[in-house]
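Heads up: the sequence shown is residues 29 to 133, going by our numbering.
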Amino acid sequence: MADRAATEERLRSLDGAHDEMVAASRDTNADDEHDPEGATIAFERAQLAALRRQAGDHLAEVDAALRRLDDGTYGGCERCGRPIAPARLEARPTARTCVACPARP
Ligand SMILES: [Zn+2]
29 MADRAATEER LRSLDGAHDE MVAASRDTNA DDEHDPEGAT IAFERAQLAA
79 LRRQAGDHLA EVDAALRRLD DGTYGGCERC GRPIAPARLE ARPTARTCVA
129 CPARP
């Protein structure tokens, strides 16, 4: 398994990006309250809601990956049980499956 500290570091930086994204969208929403440009704002709100949803999903993935690090199952494909290629984990630290297995059924 790849170096645990480096992996944890990577996951935590993803976590930090999530916090920034949520904070940024919250600030923008506060500014929106009295803005007359309704249509644009509605569009931006929809975009931000989508971003927040994505950020929430992403955070769940990061949490799950950190739990797998803790219980020692991190880096194994949860479908076929084979180790996930280090290059794939490098590119996508929250990966739960190897390249041969689809992420979702
Ligand atoms: Zn697999």
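Built from N, CA and C at the ideal position, the CB exists for glycine as well.
Burial state of D31 (16 or more Cβ within 10 Å): D31 is classed as exposed because its beta carbon has fewer than 16 other beta carbons within 10 Å across all chains shown.
Proximity winner among R95, D85, A52, relative to E72 (alpha-carbon distances): Ranking the options by Cα distance to E72, first place goes to A52.
Euclidean distance between Cα positions of A83 and A93: When rounded, the distance between both Cα atoms is 15 angstroms.
Residues bridged to G104 (per DSSP): For G104, which the question treats as bridged, DSSP gives the partners P111.
Counted within 10 angstroms of its Cβ, other Cβ atoms place P121 as buried (16 or more) or exposed: It is buried - the Cβ of P121 has at least 16 other Cβ atoms within 10 Å.
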